[in-house]
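Encoded as structure tokens, the structure appears first; notes follow it.
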């Protein structure tokens with residue numbers, strides 16, 4: 427048999443082991459694994475298939491006998507990658523969005539300031555500026571003169587400026603990127619302004635993964651006890667979202683700051699090697715991290731989830747924020763984001779490509795179970811992007827039906843009718859497949875799931891964007907576009923209406939008051955609220971700048987008058 431055909435047959439056999447269970451199947455998988463571990467790969471795509479099968483079987487092992495040999499191969503996988511490169515084999519397969527981060531490869535991207543700073547501290551010897559791919563050099567003229575003396579003489583008037591010569595003369599023996607990061611850190615500006623200045627450079631960074639634990643290949647840990655899959659994996663049709671959400675809330679354990687920092691390092695590594703960056707994973711507060719261990723038995727299936735909130739200085743103006751990720755038998759398999767106000771949260775959930783056939787529906791249900799317990803939310807919505815809006819991958823996978831069959835409904839009445847019509851077609855002909863143009867239509871609106879205490883339809887057309895646009899229209903109409911002007915006037919109006927003097931508050935509380943005032947100033951007769959309603963509103967605002975972001979969210983759930991006005995102002999007619 428030709429080498430390529432033999433390789434393909436062995437890989438197909440190992441991939442088939444994902445859906446084979448029992449002692450005999452595990453023994454067969456071990457034989458194939460041993461053969462492939464001695465195999466010399468001739469192309470990147472085949473090696474990548476081997477890599478992905480190994481990671482899946484490490485997360486969803488059909489036998490304990492497979493775990494150690496899988497780990498042995500993964501721990502030396504960089505040698506296989508480097509061998510291909512030495513042979514001059516085309517390596518572009520490892521650059522794909524869902525294939526990056528393999529041991530022995532190199533990655534390149536323009537990161538935010540916070541992510542770049544974290545990366546250079548995490549792997550200082552393995553990251554550098556990719557000057558050969560940098561094209562926006564003029565952007566340096568807007569920022570570097572802040573910390574490189576006399577650079578304006580060149581930057582403001584000259585062409586063909588030797589930017590790196592200026593940098594080399596200023597940095598001495600310190601590494602370029604580390605020196606730049608320190609200079610930005612020392613600028614006398616706010617954190618947001620510092621980020622904006624650095625981000626304007628769009629500086630491409632290149633990091634070498636080598637055989638670091640940082641890599642997607644080795645970014646796993648060994649749990650105290652493994653959950654072994656001796657029976658078929660749970661599929662979507664076996665999952666009742668209502669049943670799962672009705673189960674007792676899982677126990678959450680608050681981690682120490684040191685433990686929280688370790689978790690935040692892990693999720694940043696997990697995201698960095700996949701070319702992903704979330705606001706909350708980059709800026710999450712290590713003091714807020716909680717761990718939810720669902721257990722290693724049949725009820726928990728080796729799943730552990732971690733969640734964090736934002737530090738005070740990085741919180742959103744109105745909504746509360748949660749970021750998280752899931753570890754399965756010690757392997758990171760997804761990331762989670764939830765943003766909400768009152769009893770409503772928008773949830774983003776992304777299972778990494780390698781694990782998308784691994785009990786995704788059941789794990790998603792557990793994530794919602796954790797989030798509803800953590801936030802107190804009773805209405806859960808999903809972004810249109812998740813179900814296919816400007817997302818071909820979601821359209822191709824039929825993501826809308828993933829949520830629909832779990833019990834979600836469309837927030838648009840006309841689209842709900844389209845969905846029901848499609849369901850009738852499927853009932854009449856099980857082979858019917860919803861056309862892509864219909865899936866695109868269905869992805870034009872959020873989908874919703876209400877818990878028993880939730881009010882169906884209440885949040886269907888709500889958006890904080892709608893609130894923000896109303897604030898800006900008022901700014902244009904009454905303040906001629908003057909941002910500081912509308913802020914000052916709104917603070918004064920709301921201070922009088924609520925009977926408070928925020929000047930006596932902390933800086934963070936004053937900022938929260940300013941943000942909320944922009945919205946509260948849109949409420950007619952705010953001053954006629956009852957004394958209790960005003961007091962509770964003040965408590966909410968001050969909690970927004972407090973140590974516990976979830977306390978803030980839960981307080982918004984206890985203010986019916988605020989909820990009523992927020993829905994009125996933020997919902998489309």
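In this note's numbering, the protein residues as written are 427 to 999.
For each residue, glycine too, the CB sits at the ideal point set by N, CA and C.
Quick one: what's got a C-beta closer than 6 angstroms to residue 427's C-beta in the same chain, skipping five residues either side?
Unreliable positioning characterises residue 427 in this predicted model, as indicated by a pLDDT of 45, which lies under 50. The coordinate reading is nonetheless provided below. Closer than 6 angstroms at Cβ, skipping near neighbours: no residue.
Can you look up residue 744 in the DSSP assignment and give me helix, strand or coil?
In this structure, residue 744 counts as coil in the three-state DSSP scheme.
Alpha carbon of residue 869 to alpha carbon of residue 826, nearest angstrom
It is roughly 7 angstroms from the alpha-carbon of residue 869 to the alpha-carbon of residue 826.
Coil, strand or helix - residue 464 by DSSP
Looking at residue 464 - three-state DSSP - the assignment turns out to be coil, as it is neither helix nor strand.
Nearest candidate by alpha-carbon position, reference residue 1075, set 815, 834, 750, 467:
Since the first and last residues shown for the chain are 427 and 999, residue 1075 lies out of range.
Between 972, 856, 466, which lies nearest to residue 508 when the distance is taken from Cα to Cα?
The option with the nearest alpha carbon to residue 508 is 466.
Write down every uninterrupted run of the alpha helix (DSSP H) in the segment 557-582 whose length is 4 residues or greater and which is fully enclosed by it, in chain order.
Unbroken alpha helix (DSSP H) stretches of 4 residues or longer found wholly inside the segment 557-582: 566-569, 578-581, given in chain order.
Exposure of residue 421, with buried meaning 16 or more beta-carbon neighbours within 10 Å:
Residue numbering for the chain in the displayed model covers 427 to 999; residue 421 lies beyond these limits and cannot be assessed.
Can you give me the C-alpha to C-alpha distance between residue 837 and residue 851, rounded to a whole angstrom?
Here the alpha carbons of residue 851 and residue 837 stand approximately 21 angstroms from one another.
Quick check on the DSSP output: what are the complete beta strand (DSSP E) runs of length 3 or more inside the segment 653-703, in order along the chain?
With a minimum length of 3 residues, the continuous beta strand (DSSP E) runs that stay inside the segment 653-703 are 678-680.
By the DSSP assignment, the beta strand (DSSP E) with residue 634 in it spans what residues?
Residue range 630-634 is occupied by the beta strand (DSSP E) that includes residue 634.
Would you list the residues sitting across from residue 835 in a DSSP beta bridge?
Paired residues: 874.
Using 10 angstroms around the beta-carbon of residue 711, count the other beta-carbons present and answer buried if the total reaches 16, otherwise exposed.
Under this definition residue 711 is a buried residue.
Under the three-state DSSP convention, the category residue 956 falls into
If DSSP states are grouped into helix, strand and coil, residue 956 belongs with coil.
Host beta strand (DSSP E) of residue 733 (start-end):
Residues 729-734.
Which residues mark the beginning and the end of the alpha helix (DSSP H) in which residue 779 is found?
Element bounds for residue 779: n/a, residue is neither H nor E.
In chain order, what residues of the same chain have a beta carbon less than 6 angstroms from the beta carbon of residue 997, not counting five sequence neighbours either side?
Residues 887, 888 of the same chain have their beta carbon placed closer than 6 angstroms to that of residue 997, with the five preceding and five following residues left out of the count.
Within the segment 882-929, ranges of the beta strand (DSSP E) (whole runs, at least 3 residues):
Runs of the beta strand (DSSP E) inside the segment 882-929: none found.
Where does residue 965 sit, in a helix, a strand or coil, going by DSSP?
In the structure shown, residue 965 sits in a helix (DSSP, three-state: H, G or I).
So, with DSSP's three-state summary, where would you put residue 436?
In this structure, residue 436 counts as helix in the three-state DSSP scheme.
Considering just the uninterrupted stretch of the beta strand (DSSP E) at residue 757, what are its terminal residues?
That run of the beta strand (DSSP E) goes 757-767.
Please list the segments of the alpha helix (DSSP H) lying wholly inside the segment 804-870, counting only runs of 4 or more residues, in order along the chain.
Counting whole runs of 4 or more residues, the segment 804-870 contains the alpha helix (DSSP H) stretches 810-813, 818-822, 825-830, 839-854, 862-868.
Going by the beta-carbon positions, is the gap between residue 480 and residue 496 smaller than 8 angstroms?
In this structure, residue 480 lies near residue 496, with their beta-carbon atoms less than 8 angstroms apart.
Can you name, in chain order, every residue of its own chain whose Cβ lies under 8 angstroms from the Cβ of residue 620, other than the five neighbours on each side?
These residues qualify, in order along the chain: 539, 610, 611, 613.
Residue 732 and residue 713 closer than 8 angstroms at C-beta:
Remark: C-beta atoms of residue 732 and residue 713 do not approach each other more closely than 8 angstroms.
Using a Cβ-Cβ cut-off of 6 angstroms (strictly less than) and excluding sequence neighbours within five positions of residue 983, which residues of its own chain qualify?
In chain order, 768, 769, 802 place their CB closer than 6 angstroms to the CB of residue 983, counting only its own chain and leaving out the 5 sequence neighbours on each side.
Three CB pairs or more closer than 8 angstroms across the segment 625-633 and the segment 552-565:
At 8 angstroms Cβ cutoff, the stretches touch.
Measuring only the C-alpha atoms, how far is residue 721 from residue 758?
Rounded to the nearest angstrom, the two C-alpha atoms are 16 angstroms apart.
Between the segment 865-879 and the segment 803-823, are three or more C-beta pairs nearer than 8 angstroms?
Flag = yes, the segment 865-879 and the segment 803-823 touch.
Look at the Cβ atom of residue 706, then the Cβ atom of residue 785, and state whether they are nearer than 8 angstroms.
No, the Cβ-Cβ distance between residue 706 and residue 785 is not below 8 angstroms.
Pairing CB atoms from the segment 894-905 with CB atoms from the segment 838-849, are three or more of them under 8 angstroms?
Two segments are said to touch when three or more pairs of C-beta atoms, one from each, lie closer than 8 angstroms; by this definition the segment 894-905 does not touch the segment 838-849.
To which residues does DSSP link residue 450 through a beta bridge?
According to DSSP, residue 450 bridges with nothing at all.
Whole-number beta carbon distance between residue 969 and residue 738, since they are thought to touch under 8 angstroms:
That pair is no contact at about 11 angstroms.
Where do the ends of the alpha helix (DSSP H) carrying residue 623 lie?
Unbroken alpha helix (DSSP H) run through residue 623: 617-625.
Meets three-Cβ-pair contact criterion under 8 angstroms: the segment 582-598 and the segment 528-539
By the Cβ rule, the segment 582-598 does not count as touching the segment 528-539, because fewer than three pairs are nearer than 8 angstroms.
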